[in-house]
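Counting from 168, one number per residue, gives the positions in the sequence shown under my numbering.
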Amino acid sequence: MTGFTIAARGPYDFAETLRFVEDWPATARLSHSDGRALRFAYATEADWRPIGVTVTGVPGGVRVATTRVAGPAVREEIGRIL
168 MTGFTIAARG
178 PYDFAETLRF
188 VEDWPATARL
198 SHSDGRALRF
208 AYATEADWRP
218 IGVTVTGVPG
228 GVRVATTRVA
238 GPAVREEIGR
248 IL
């Protein structure tokens with residue numbers, strides 16, 4: 168896995184993000200979080216290839232690990248998703 172950090176642009180609570188995803192009806196039944204990390208996969212807009220993503224909270228933002236190298240366009244997409 169490769170990784171990068173996304174700095175928060177203002178107040179951000181990763182635990183709140185996890186609660187939102189866990190409570191959202193469309194994802195509530197999926198096993199995507201263990202209470203510490205959010206895991207998801209999607210086809211990127213940049214090249215339509217699949218990528219697996221694991222997000223964990225760090226002071227001032229989040230740490231992102233991906234199953235393949237994430238260039239600037241993919242990093243921006245992941246930031247928008249969060």
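For each residue, glycine too, the CB sits at the ideal point set by N, CA and C.
Item                                                                                                                                      : Value
Would you please state the rounded distance, in angstroms, between the beta carbons of Arg-269 and Val-229? I believe it to be under 8 Å. : Nothing about residue 269 can be read from this structure; the chain reaches only from 168 to 249.
Can you tell me whether DSSP reads Leu-249 as helix, strand or coil?                                                                      : coil
In the DSSP assignment, what are the bridge partners of Arg-186?                                                                          : For Arg-186, which the question treats as bridged, DSSP gives no partner whatsoever.
Whole angstroms are fine: how far does the CA of Asp-180 sit from the CA of Ala-174?                                                      : 12 Å
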